[in-house]
Amino acid sequence: MEKFISSIEQWLADVASIKTKSLYNSEQDFKDFRNLVLMSLFKIFIENEVNLDTLEIKTISACIEDIFKLILKNQNFIHNVKNLKLHINGNIDDMIIYNRKTQIIHLHQNLKKIRIVGTHSFISLYQSSLLLSKDYNCSNTLNTIIFYCVTFGSINNLDKVLEQLNVLESVHIFYCSFLDNSFTQQIINLTKPFKLKSLFHIFVSSQIETIQQLLQKSDKFHSFTYQLINLIENIKQSFSCLSITLSNDLLTNYSLFILQNLGQILPSKLDYLSLDLTIKKNDFRVFLENSQYILINKLLITQSGDDDILHYIKEHIMKKKRVKYLAIKNIRNSKELFNLKDEVKEFDLHNIKVRSYNDLVINVHSFLNNI
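Below, the structure written as structure tokens:
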């Protein structure tokens, strides 16, 4: 929809540029004419019973309420849209627009994928009964859920939603935080398999600015690390991508805990593993030994500490040919393995392709759009 509107605006601007006299007396005139063209085109689509492959509408779209009214008056139009993408924002949408969106989803009767951005969006969807009510038929159509920037510690009804979804095939989690054991416990208690496919950028951050505050919060945070390991162990058979970022330099002890306990609970195959940690070489050796039978397509390591871990990479990964693509960078000295040409050649002799970190790291937004 945004590209569609942008094309109309560009066309109007091009028309105006070839006229000796301005077509628009004000910016409002331009917007009014743009909206007229937009609504006219929509009416043409509807009158000619056009079958759209994809219709994506955001709250910021021009004349959004008029578009929704037009769609709701012509229900067959929405039935003929193969891929309907509605951006629901529980914080920004006013209630009228929000209700119109849920009505359109109800009319479409074929919601297959939903991306939930922010904790408030999930709560709004839950309160509207969109994910639970049999009237919306989501339980028999929704096969993909994407959580983005959701604080699961604030949600205590996730299990109720997941239990209602009969054809759910994949769950993807991006940039989310787990502030207590609520999320983990709800997943463990599910009677259905939790089909997590992507677990990206688990931000482990205590949001602590001083060592004193760190000590005050350490018990809670240490409890969290156990919950994280427990979560991964319980869902390891379903996911193929994992990214863990420990975002506070003071949290070396928690990098230690993750490295000492992660290797033995990972699935036998991973397409993508990214670790951004403060790595001590002995802890890293433990991780590599515990994960020695795991095959990884793409391994990315960001070393936030000072220890040189290349020796262990060669011993446990290069010689055993457990990884297909490898990227390592060190935050302290801004060096990458990719820039060490002799090392790259040595890895290549063992059929391991060393790549630039930026070449291997997954672009989350592109990844999301391809789900």
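Okay, so the sequence shown: first residue is 5 according to our numbering, each after it adds one. Ideal Cβ positions, reconstructed from N, Cα and C, are used throughout, including at glycine. This one's a predicted model, so the numbers in the text were calculated from it and none came from an experiment.
Compare the beta carbon distance of residue i and residue j with 8 Å and say whether it is the shorter of the two.
i	j	result
Leu-146	Ile-108	no
Pro-292	His-315	The sequence given here has Leu at residue 292, not Pro. Not a contact, by the Cβ cut-off of 8 Å.
Leu-274	Ile-262	no
Phe-72	Ile-101	yes
His-83	His-110	no
Lys-325	Asn-294	no
Leu-162	Gln-190	yes
Lys-318	Asn-301	no
First and last residue of the beta strand (DSSP E) that includes residue i?
i	result
Ser-119	Here the sequence assigns Arg to residue 119, which means Ser is not the residue at that position. Here the beta strand (DSSP E) through Arg-119 covers 117-121.
Phe-156	Phe-156 -> no beta strand (DSSP E), and no H or E assigned at all.
Thr-282	Neither: Thr-282 is in no beta strand (DSSP E) and is coded neither H nor E.
Lys-345	Unbroken run through Lys-345 is the alpha helix (DSSP H), 345-353; no beta strand (DSSP E).
Asn-301	299-307
Ile-149	148-152
Over what stretch of residues does the alpha helix (DSSP H) that includes residue i continue unbroken?
i	result
Ser-174	Run containing Ser-174: none in the alpha helix (DSSP H); it sits in the beta strand (DSSP E), 174-178.
Ile-71	68-77
Leu-372	368-373
His-112	99-112
Met-43	31-51
Ile-317	314-317
Could you pull out every residue in the same chain whose Cβ sits closer than 6 Å to the Cβ of residue i, ignoring the five residues on either side in sequence?
i	result
Val-358	Leu-330, Leu-341, Phe-342, Val-348 and Phe-351
Leu-246	Leu-203 and Leu-277
Lys-285	Asp-311 and Ile-313
Ser-360	Phe-342
Val-290	Gln-264
Ser-259	Leu-250, Leu-281 and Thr-282
Asn-170	Ser-143 and Asn-144
Val-85	Leu-56 and Leu-59
Going by DSSP, which residues form a beta bridge with residue i?
i	result
Leu-56	Beta-bridge pairing links Leu-56 to no other residue.
Thr-195	According to DSSP, Thr-195 bridges with nothing at all.
Cys-245	Ser-202 and Tyr-276
Val-358	Leu-330
Glu-340	Lys-333
Leu-88	Leu-59
Ser-181	Thr-155
Leu-166	Leu-166 is not bridged to any residue.
Relative to the C-alpha of residue i, which residue among the options is closest?
i	options	result
His-369	Arg-104, Leu-111, Asn-144 and Cys-153	Cys-153
Thr-148	Asn-160, Ile-159, Asn-114 and Asn-161	Asn-114
Gln-14	Arg-38, Asp-70 and Ile-335	Arg-38
Lys-89	Thr-106, His-112, Glu-60 and Lys-105	Glu-60
Glu-376	Pro-197, Met-99 and Asp-363	With the chain running from 5 to 375 in the structure shown, residue 376 is simply not present.
Ile-192	Cys-180, Val-171, Lys-164 and Asn-170	Lys-164
Glu-69	Pro-271, Lys-105 and Ser-181	Lys-105
Asn-80	Asn-103, Leu-56 and Asn-301	Leu-56
Met-362	Phe-156, Lys-333 and Leu-344	Per the sequence shown, the amino acid found at residue 362 is Asn instead of Met. Comparing Cα-Cα distances from Asn-362 to each of Phe-156, Lys-333 and Leu-344, the minimum goes to Lys-333.
Lys-323	Leu-353, Asp-346, Asn-301 and Ser-295	Leu-353
Leu-299	Ser-272, Ile-317 and Ile-283	Ser-272
Ile-248	Ser-181, Lys-199, Leu-194 and Gln-268	Ser-181
Thr-58	Ser-30, Asn-87 and Gln-268	Asn-87
Ile-159	Phe-187, Asn-170 and Val-171	Phe-187
Ile-375	Lys-35, Lys-116, Asp-36 and Asn-52	Lys-116
Asn-52	Asn-78, Glu-31, Asn-103 and Lys-339	Asn-78
What does a CB cutoff of less than 8 Å around residue i pick up in its chain, not counting 5 residues either side in sequence?
i	result
Leu-372	Arg-119, Ile-150, Tyr-152, His-176 and Phe-178
Ile-336	Note that residue 336 corresponds to Arg in the displayed sequence, not to Ile. Taken in chain order, the residues that qualify are Gln-307, Ser-308, Gly-309 and Asp-310.
Val-365	Ser-278, Leu-304 and Ala-331
Leu-74	Met-43, Phe-46, Lys-47 and Ile-50
Cys-67	Asn-39, Leu-42 and Met-43
Thr-195	Glu-167
Asn-367	none
Lys-339	Lys-333
Asp-287	Ser-259, Leu-260, Leu-263 and Gln-264
Any heavy atom of the ligand GDP closer than 7 Å to the Cβ of residue i?
i	result
Thr-195	The ligand GDP is not among the ligands present in this structure, which contains no ligands whatsoever.
Between which residues of its own chain and residue i is the CB-CB distance below 7 Å, once the five residues before and five after are set aside?
i	result
Lys-199	Leu-172, Glu-173, Ser-174, Val-175 and Ser-242
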